[in-house]
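Per full-length UniProt numbering, numbering of the sequence shown is gapless, rising by one per residue and ending at 495. C-beta: ideal position from N, C-alpha, C; glycine also. Working notes, beginning with the structure itself.
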Amino acid sequence: MTQAALSPAQRSLVEKGLAVQRARDEKQVIKAAIDAATRRHVSETRERCRAQHLAHDRDRSLIIRHVGEELARVAQRDHSSWRKPVRAAAVAPGGRETSGNNNKGQCDTKTPADLASPPIDEDEYDEERFGSVRRPPRPRKPNIWLQIFEHEQAEVKQEREEQRRRRLAAAAEFRCQLSEQESLKHARAERDRQREDEYAKQQAVQAAAWKEQEKEKQRRRQLAAEEEVQRCKEELRAAHELSIQARKKKELQEQRTIARYQALMEEEKRQKELRKIKEKELMEKVAQANEQQLALKRQERQREQDEEVRLQREYAKKLELQEAARVRELQEVLSKQSQKVKMALLNVKSAEEKAREDEERAAIVQAQVRQREEEAARAREAKRKAIIQKQIQALKEQKEEKQQRFRQEVVAEEAYAVEFKQDYLTWVEKQKQSQLEVRKKNVANGLLVRRQMDEDARRRADEDKYGMSKREMALNAALLKKIGIEKPPPDASSR
Numbered sequence: 001m002t003q004a005a006l007s008p009a010q011r012s013l014v015e016k017g018l019a020v021q022r023a024r025d026e027k028q029v030i031k032a033a034i035d036a037a038t039r040r041h042v043s044e045t046r047e048r049c050r051a052q053h054l055a056h057d058r059d060r061s062l063i064i065r066h067v068g069e070e071l072a073r074v075a076q077r078d079h080s081s082w083r084k085p086v087r088a089a090a091v092a093p094g095g096r097e098t099s100g101n102n103n104k105g106q107c108d109t110k111t112p113a114d115l116a117s118p119p120i121d122e123d124e125y126d127e128e129r130f131g132s133v134r135r136p137p138r139p140r141k142p143n144i145w146l147q148i149f150e151h152e153q154a155e156v157k158q159e160r161e162e163q164r165r166r167r168l169a170a171a172a173e174f175r176c177q178l179s180e181q182e183s184l185k186h187a188r189a190e191r192d193r194q195r196e197d198e199y200a201k202q203q204a205v206q207a208a209a210w211k212e213q214e215k216e217k218q219r220r221r222q223l224a225a226e227e228e229v230q231r232c233k234e235e236l237r238a239a240h241e242l243s244i245q246a247r248k249k250k251e252l253q254e255q256r257t258i259a260r261y262q263a264l265m266e267e268e269k270r271q272k273e274l275r276k277i278k279e280k281e282l283m284e285k286v287a288q289a290n291e292q293q294l295a296l297k298r299q300e301r302q303r304e305q306d307e308e309v310r311l312q313r314e315y316a317k318k319l320e321l322q323e324a325a326r327v328r329e330l331q332e333v334l335s336k337q338s339q340k341v342k343m344a345l346l347n348v349k350s351a352e353e354k355a356r357e358d359e360e361r362a363a364i365v366q367a368q369v370r371q372r373e374e375e376a377a378r379a380r381e382a383k384r385k386a387i388i389q390k391q392i393q394a395l396k397e398q399k400e401e402k403q404q405r406f407r408q409e410v411v412a413e414e415a416y417a418v419e420f421k422q423d424y425l426t427w428v429e430k431q432k433q434s435q436l437e438v439r440k441k442n443v444a445n446g447l448l449v450r451r452q453m454d455e456d457a458r459r460r461a462d463e464d465k466y467g468m469s470k471r472e473m474a475l476n477a478a479l480l481k482k483i484g485i486e487k488p489p490p491d492a493s494s495r
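This is the structure we're talking about:
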């Protein structure tokens, strides 16, 4: 059955079914898009957590490498300072003693050059120049400067031992701080991971709840659609029954109208036949009356002619007897006869004239009959056209009402679709906004960490340049003057 063969109610039902199917397909597509977005968000969250863990491992490896480089650099500077001892110890802030090349974060790590360097002899005797046989030293007088020098050497050695012990303690403290920082970083990473897992679980629970809500909404919409389809079927069935009843009633009325019209036509035809018969009888009666009148007039005229002949004969007989009386009487008779003839000619018509008058009267009667028939036919045609026009107007009103109802349903469905789409876009926008806020927060944290690392690098660069801050240089101004530095450099660290 094609769509052209469907009734308006069936077409409306089919269109509603197609609209429901399209809405169901659109909901399936939206649900698939939401599921894909949820899976993508979960995968992005996992990848971000994994990247953060990898970044933590990389930062830890960078810190370990940086600490190793710092320890190697401190050991190298320590080896240089061990080969070139200072005369006096510098005073650092806080009351602790430190050398000119001391740095924060030093440890007791030694380089292979320190392990391979031979011990320095006290008198630094050169066997290649003077030979293996040594002469006994010359006796010298006790020198106060030598005692001062030996005392200073003992102080320097003691200071070196003290510095070595301090470096070991500082390295141990630095390692403890590093281990504490590492444990804190691990704990923070574990808390972040737990928070991300909890957030992912909450998102999964929310997604599951949203899916359940969507399923419930889908089920309700499906039930509503089924109820609507059932209601439409009931309405269609009722409309079909009403249309069948109306059609039967209309057919019955049409049959009654046709029967009444046929009866009227038969009655009119019978009346027409009767009128024709009556008119024919009337025409025959008129013709018979005319014939009788003509016969009577002929008889009267013949009688008069016979009477005239008899009178003429009598007058001829009497003429001989009374010429004067006969002439007078003849004149009177002739005058009477001429008068009678005139009267007869005026009152009696010819057969052709009577036939022509009868034909004219018959034509007039037939024209009147035809006019009445045409007027009756025009009245019936106008009545039929009025009935058809009324039916067409009723059908147009029904069609317009159905179209108006269909347009209202389409507008309602479009409004519902727009509202559903707006809710979905709002939800997507909220998800994007939350993701953007999380991403901004991560970027801000990354920038903060990068800025802190840059600040640490600049601070270490400033500290490694001179090994002393401006405050330490101000406290050790006397020793700096001894080695030729009158004032602290302007690019020294101000920490």
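Check	Outcome
Nearest-angstrom beta carbon gap, K402 and A12 [assumed within contact, 8 angstroms]	Strictly speaking, residue 12 in this sequence is Ser, with Ala absent from that position. Contact flag correct, Cβ pair sits at about 6 angstroms.
C-beta contact flag for A9 and A209 at 7 angstroms	no
Limits of the unbroken alpha helix (DSSP H) element including K487	Counting along the chain, K487 falls outside any alpha helix (DSSP H), and DSSP gives it neither H nor E.
Contacts around D358, its chain only, beta-carbon distance under 8 angstroms, and the 5 residues preceding and following it disregarded	M283, V286, A287, N290
Separation of I258 from R275, as counted between CA atoms	24 angstroms
When E152, I34, Q371, Q52 are compared against R191, the one with the closest alpha-carbon	Q52
Residue nearest to A376 in terms of C-alpha spacing, selected from K399, S179, E268, L252	E268
Neighbour flag for R471 against chain B, beta carbons, 7 angstroms	Reference to chain B is not applicable here, since this structure consists of a single protein chain.
Three-state class that DSSP yields for D454 in the structure shown	helix
C-beta contact flag for residue 524 and M473 at 7 angstroms	The displayed coordinates of the chain run from 1 to 495. Any statement about residue 524 would go beyond what the structure contains.
Coil, strand or helix - S7 by DSSP	coil
CB of V20 within 7 angstroms of CB of A224, strictly	no
C-beta contact flag for Y416 and I30 at 7 angstroms	no
Distance CB(T45)-CB(A200) smaller than 7 angstroms	yes
Span separating the alpha-carbon of A171 from that of L480	27 angstroms
Contacting residues, own chain, Cβ-Cβ under 7 angstroms from K27 (five flanking each side not counted)	Q218
Per-residue DSSP class, three states only, for D491	coil
Beta-carbon proximity list for A362, same chain, < 7 angstroms, skipping 5 on both sides	M283
R310 classed as buried or exposed, judged by whether at least 16 other C-beta atoms fall within 10 angstroms	exposed
Per-residue burial, N442 [other beta carbons within 10 Å of its own, 16 or more giving buried]	exposed
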